[in-house]
Amino acid sequence: MRWSRQFIPTLREVPQEAEIPSHQLMLRAGLIRKLSGGLYSFLPLGLRSLRKVERIVREEMDRAGALEILMPALQPQEIWEESGRFEVLRHVMFKMRDRQDRSMVLGPTHEEVVTGLAAGEINSYRQLPRNFYQIQTKFRDEIRPRFGLMRAKEFIMKDAYSFDPGWDEAETSYQAMYQAYVRIFHRCGLRTKVVEADTGAMGGKSSHEFMVLAEAGEDGLVECDRCSYAANLEQAEGRFLDTLTFGDDALTPEKVATPGQRTIEEVSAFLKAEPRQFIKTLIYVTDGKPVAVLAPGHREINEIALRKEIGADAVLADPDVIVAATGAPVGFAGPVGLSIPIVADISLRGSRGMISGANEADFHLRNIGLDRDAGEIRYLPLLIAKGGDGCPRCDGMLKEARGIEVGHVFKLGTKYSEKLGATYLDAQGEKQTMIMGCYGIGVTRTLQSVIEQSHDAQGIVWPVSIAPYEVTVMAINATHAPSVALAEQLVDGLTAAGVDVLYDDRDERPGVKFKDVDLIGTPLRVSVGERSLAKGEVEVKDRKTGALTGVPVEQALGIIVEQVQAMRAALMPPVAG
RNA sequence: CGGGGCGUGGCUCAGCCUGGUAGAGCGCCAGCUUUGGGAGCUGGAUGUCGUGAGUUCAAAUCUCACCGCCCCGACCA
Numbered sequence: 026m027r028w029s030r031q032f033i034p035t036l037r038e039v040p041q042e043a044e045i046p047s048h049q050l051m052l053r054a055g056l057i058r059k060l061s062g063g064l065y066s067f068l069p070l071g072l073r074s075l076r077k078v079e080r081i082v083r084e085e086m087d088r089a090g091a092l093e094i095l096m097p098a099l100q101p102q103e104i105w106e107e108s109g110r111f112e113v114l115r116h117v118m119f120k121m122r123d124r125q126d127r128s129m130v131l132g133p134t135h136e137e138v139v140t141g142l143a144a145g146e147i148n149s150y151r152q153l154p155r156n157f158y159q160i161q162t163k164f165r166d167e168i169r170p171r172f173g174l175m176r177a178k179e180f181i182m183k184d185a186y187s188f189d190p191g192w193d194e195a196e197t198s199y200q201a202m203y204q205a206y207v208r209i210f211h212r213c214g215l216r217t218k219v220v221e222a223d224t225g226a227m228g229g230k231s232s233h234e235f236m237v238l239a240e241a242g243e244d245g246l247v248e249c250d251r252c253s254y255a256a257n258l259e260q261a262e263g264r265f266l267d268t269l270t271f272g273d274d275a276l277t278p279e280k281v282a283t284p285g286q287r288t289i290e291e292v293s294a295f296l297k298a299e300p301r302q303f304i305k306t307l308i309y310v311t312d313g314k315p316v317a318v319l320a321p322g323h324r325e326i327n328e329i330a331l332r333k334e335i336g337a338d339a340v341l342a343d344p345d346v347i348v349a350a351t352g353a354p355v356g357f358a359g360p361v362g363l364s365i366p367i368v369a370d371i372s373l374r375g376s377r378g379m380i381s382g383a384n385e386a387d388f389h390l391r392n393i394g395l396d397r398d399a400g401e402i403r404y405l406p407l408l409i410a411k412g413g414d415g416c417p418r419c420d421g422m423l424k425e426a427r428g429i430e431v432g433h434v435f436k437l438g439t440k441y442s443e444k445l446g447a448t449y450l451d452a453q454g455e456k457q458t459m460i461m462g463c464y465g466i467g468v469t470r471t472l473q474s475v476i477e478q479s480h481d482a483q484g485i486v487w488p489v490s491i492a493p494y495e496v497t498v499m500a501i502n503a504t505h506a507p508s509v510a511l512a513e514q515l516v517d518g519l520t521a522a523g524v525d526v527l528y529d530d531r532d533e534r535p536g537v538k539f540k541d542v543d544l545i546g547t548p549l550r551v552s553v554g555e556r557s558l559a560k561g562e563v564e565v566k567d568r569k570t571g572a573l574t575g576v577p578v579e580q581a582l583g584i585i586v587e588q589v590q591a592m593r594a595a596l597m598p599p600v601a602g
């Protein structure tokens, strides 16, 4: 392909709309253009890379035995009401009406459709197991689209759904997908970290996320410095290593005036005590009733864990509810003397000498021995894990990182198959419920994640497997006939050898062409110029290492093809299976 | 939805405070020179200054409303 016939609108300057490197580079290298917030057009270069990611995904899914199908993006709202997820996901679904005034939605995911399909078509154990997947556009009315393709309103997802006769078989399906994901991301040149995760709106028993570690990542996670434990912060449990005992055990609670001091920060400064000596008392409301939730003053409550324990609808209480529940305005709640149920993080068990609100305006209590001075308390693990906490699996210590979720595998169990009647008859003629799993890869997000992980100051550094072109060839001076002739000869030869080659035929200054090639990031650059030609050579530059090699003209074609093949081979998974 | 920032040519931005002829660099078009890391010279095209209302003799500039974009938070796969 000739550069002059392609459409590669590169930008010299960083568009102000883009914050993170990958988003900036996708715009600068001419891969995408924005239509409006969270909606992007793919230009030729972006689409070429996207198609290559899709091809890898498709090959590995097929290899793992999954079957490609394609389901409608436009769906009747009823199927969501049937599964009970309309309420859960109504805020992320685009909703509309058709000409018969039927309520329709654009699918944010496809458990409902695929489970209905399986329920209708699969009746016997002889038809199991089956795993259906598709690569398709998903629609989610994001509260806040962000970072280009990272979080968009419309994006391409590979979603797969496994149906198994029993739990053991389902485990096998899960492992097969897990392994396929490892291979997919490896082939895309991505380094990923697998973490334990919360199942969120998908539901089900347990799940793992494939994370690309990156500063720009939207998810916090922790990993152990000793063992392989790693988890999303939403899911992670850290062992609290600190001991919360202060001062003399014999001291009893004492009221202390703290006029106008509401936050832990304010009161700890006022009383000259560390935040960790405080019992943070938050009032939540669940099922219409207030509940006091306690945590050490320097730590945060994990609301996902909390909701699992006290009720899925739990939210922080409004000020008037707090006044009614504690008798004091916001900022002065404490566990001592409260008449509402209390749950506390397990780190607070046995704590002594603590400080908390006195349930009276402008007063706090100190010298609290929590289980001595407060009423009945349920102790539960409720904290968001933090770097420095102990690993829950071994003696190691957790450290924090940020990640981009590119894949997520779920053990769903029977959540959908039960609701939507996905049952079959086993060998004994007994009716059984299918065991499901679901497996997603954000294809467009994966593409951008590769750039986020693989770029430098000059531009994108594509892994050869998903580079829009594998090699760019140029005549440094497009008016120098011998250079042009040799360049074109190399382009033809490479094309014939099955290499994706871009021919920069523009009559631009060399600097312009060099900058552009670096920006769009093709793994190899071949330049033909008068200088190297005088030595009987062409120049090959490795985009990743920056290494420049003079290659004799006669051997150039063979050497370049070999290098491309070597780069391709390096990204194939080491072992089969 | 709360907080903050920003909307001026294709891109990056100045001008706004203190109202009075709409600017620069890059890009684009034509010509000449140039050709190993974003060239030089000459000439040229491109703007409802986000939209609407208001104040004013006069609004890119002041006021109000709305819209859009970006960031933080809440929320979320």
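Note that the first sequence covers residues 26 to 602 in this note's numbering.
Glycine is no exception: its CB is placed at the ideal position from the N, C-alpha and C atoms.
Pairing Gly322 with Phe303 gives a Cβ-Cβ distance under 9 Å. For Met182, the enclosing beta strand (DSSP E) has its first and last residue at 179-189. Using a C-beta cut-off of 8 Å, the segment 364-380 makes contact with the segment 402-418, since at least three inter-stretch Cβ pairs fall below that distance.
The beta carbons of Thr351 and Gly382 sit closer together than 9 Å.
DSSP places Ser108 in the helix class (H, G or I) of the three-state scheme. Of all alpha-carbon atoms in Ala255, Glu262, Asp312, Glu167, the one lying nearest the alpha-carbon of Asp338 is that of Asp312. Inter-segment contact for the segment 186-195 and the segment 457-473 is present: three or more beta-carbon pairs are separated by less than 8 Å. For the 9 Å CB-CB criterion, Arg427 and Asp244 form a contact.
With distances taken between CA atoms, Leu50 lies nearest to Gly484 out of Lys218, Asp396, Gly484, Asn502. Taking all protein chains shown into account, Trp192 has fewer than 16 neighbouring C-beta atoms within 10 Å of its C-beta and is therefore exposed. Judged by DSSP secondary structure, Met236 falls within the beta strand (DSSP E) whose first and last residues are 231-238.
The shortest C-alpha to C-alpha distance from Leu549 to any of Lys560, Ala581, Glu533, Val537 is the one to Ala581. If you draw a straight line from the Cα of His135 to the Cα of Leu99, it is about 11 Å long. Within the segment 465-534, the runs of alpha helix (DSSP H) at least 4 residues long that lie entirely inside it are, in chain order, 468-478, 506-521. Counting only residues of its own chain and dropping the five nearest sequence neighbours on each side, Ala239 has a CB closer than 8 Å to the CB of Arg427, Gly428, Ile429, Ser474, Glu477, Gln478. In the three-state reduction of the DSSP assignment, Ser372 falls in the helix class, which pools H, G and I. Boundaries of the beta strand (DSSP E) harbouring Tyr449: 448-450, taken from the DSSP string. Of the residues assessed, Thr574 falls on the exposed side of the cut-off, its CB having fewer than 16 other CB atoms within 10 angstroms.
The beta-carbon distance between Asp123 and Gly263, rounded to whole angstroms, is 50 Å. This is too long to meet the 8 Å contact definition.
Within the same chain, Cβ atoms closer than 7 Å to the Cβ of Cys252 are found at Cys416, Arg418, Cys419, Gly421, the five residues on either side in sequence being excluded. The DSSP-derived three-state label of Gln125 is coil. Remark: C-beta atoms of Val281 and Arg391 approach each other more closely than 9 Å. A straight line joining the alpha-carbon of Arg58 with that of Ser66 spans about 5 Å.
Glu137 and Gly109 have their C-alpha atoms some 10 Å from each other.
For Ile429, the enclosing beta strand (DSSP E) stretches over residues 423-438. Per DSSP, Tyr150 is not a residue of any beta strand (DSSP E), being assigned neither H nor E. Judged by pairs of C-beta atoms under 8 Å, the segment 110-121 touches the segment 151-167, as three or more such pairs exist. Between Ile308 and Pro300, the gap from beta carbon to beta carbon reaches 9 Å or more.
According to the DSSP assignment, His389 belongs to no alpha helix (DSSP H) but to the beta strand (DSSP E) extending over 388-393.
In the DSSP assignment, Val361 falls outside any alpha helix (DSSP H), carrying neither H nor E.
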